[in-house]
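Let me begin by presenting the structure, written as structure tokens, before commenting on it.
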Amino acid sequence: RLGLQTRTLGTMIHYEESVLSTQRIAHTLASDGAEEGTLVIADEQTAGRGRLMREWHSSKGTGIWMSLILKPHLPPQKAPQFTLIAAVAVVQAIEEVTGLHPQIKWPNDILINGKKVTGILTELQAESDKINSIIIGIGMNVNQTKDHFPDEIQKIATSLSIEEGRTLSRSVIVQRLLERIEALYSLYMKEGFTPIKLLWESYAISIGKKIRARTINGTIEGRALGITDEGVLKIEDSGGTIHQIYSADIEVNV
Ligand code: BTN
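74 is the number of the first residue of the sequence shown in the UniProt record's numbering; add one for each residue after it.
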């Protein structure tokens, strides 16, 4: 906790050298009654998970592999908003520590110069109408060189040090990140989603642009209008119909 200026986030820190996935550990801790703000962080993940059951490369000593447990008194439908809270916090923390200006690609990718630097995976433990725990998994590429990424990943991924041209302190970034999440979380609990949504939209890559969204129900092309108060993406197709996208992979500028 050295230098960490938060009230509740990161008061309990589980640091591990090597784990399968911090997300799995956080799920277990949350089921066992871990308190709000509990952080699981590891130097290496051997089975890191991304969205849609994809693999997440988490090489030793290079990035930030962490899962944060929150316990807001909210209905489960609000959980996706936490991905957007985390995304704004990631952008702000990176801007505080580097000269870089990351952008957000809905729903959970943080890009620098068009390449992914951070992914966010928000998962939920809930009873029928109330959240027990939200587990926010954040994977940030910090000190990787190109060689750390497998060939097929090099084209689409980058790290802060590749973009900034120097090595960065992971612990300083984690501190700034927890401080930003705490500030935005408290803003959200006081004033609702609107201020978060405005911040998110100011960093978003896709708003106003032509995009293609691949969903499980098929592909939709059109102009991204923005997000709803639930964090759902709105796309207007060429016929003027507005579609609400809950989950998809998107391509920008098609
Ligand atoms: C994505 O972009 O698909 C989300 C990636 C989330 C990766 C992080 S790393 C820490 C936490 N533990 C995991 O296994 N996944 C998340």
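For glycine and all other residues, C-beta sits at the position ideal for the given N, C-alpha and C.
>> Nearer than 8 Å: is that true of the beta carbon of G134 relative to any heavy atom of the ligand BTN?
In response: no
> Can you name, in chain order, every residue of its own chain whose Cβ lies under 6 Å from the Cβ of I86, other than the five neighbours on each side?
Replying inline: L112
> Pick from S91, D105, I158: whose alpha carbon is nearest that of M262?
Replying inline: I158
> Does the Cβ of G213 have 16 or more other Cβ atoms within 10 Å, making it buried, or fewer, making it exposed?
Replying inline: The sequence shown places Met at residue 213, not Gly. That one is buried.
> Where in the segment 272 to 310 do unbroken runs of the beta strand (DSSP E), each at least 3 residues long, occur, reported from the N-terminal end onward?
Replying inline: 283 to 288, 291 to 300, 306 to 309
> Since E89 is in the beta strand (DSSP E), which residue starts that stretch and which ends it?
Replying inline: 86 to 92
> Going along the chain, which unbroken runs of the beta strand (DSSP E) with 3 or more residues stay wholly within the segment 185 to 238?
Replying inline: 188 to 199, 204 to 213
> Do the CB positions of L173 and I278 come within less than 9 Å of each other?
Replying inline: no
> Which of the three DSSP states, helix, strand or coil, is assigned to R122?
Replying inline: strand
> Which residue from T292, E128, I323, E255 puts its Cα closest to that of T84?
Replying inline: E255
>> Between which residues of its own chain and V164 is the CB-CB distance below 7 Å, once the five residues before and five after are set aside?
In response: P175, I177, I183, Y276
> Tell me, which residues are paired with W129 by DSSP?
Replying inline: BP columns for W129 are empty, so no partner.
> What three-state label does DSSP hand L102 in the structure shown?
Replying inline: helix
>> One question on the structure: do I114 and I246 come within less than 9 Å of each other, judged by their Cβ atoms?
In response: no
>> For L147 and I204, which I take to be in contact (beta-carbon distance under 8 Å), what is that distance rounded to the nearest angstrom?
In response: 5 Å
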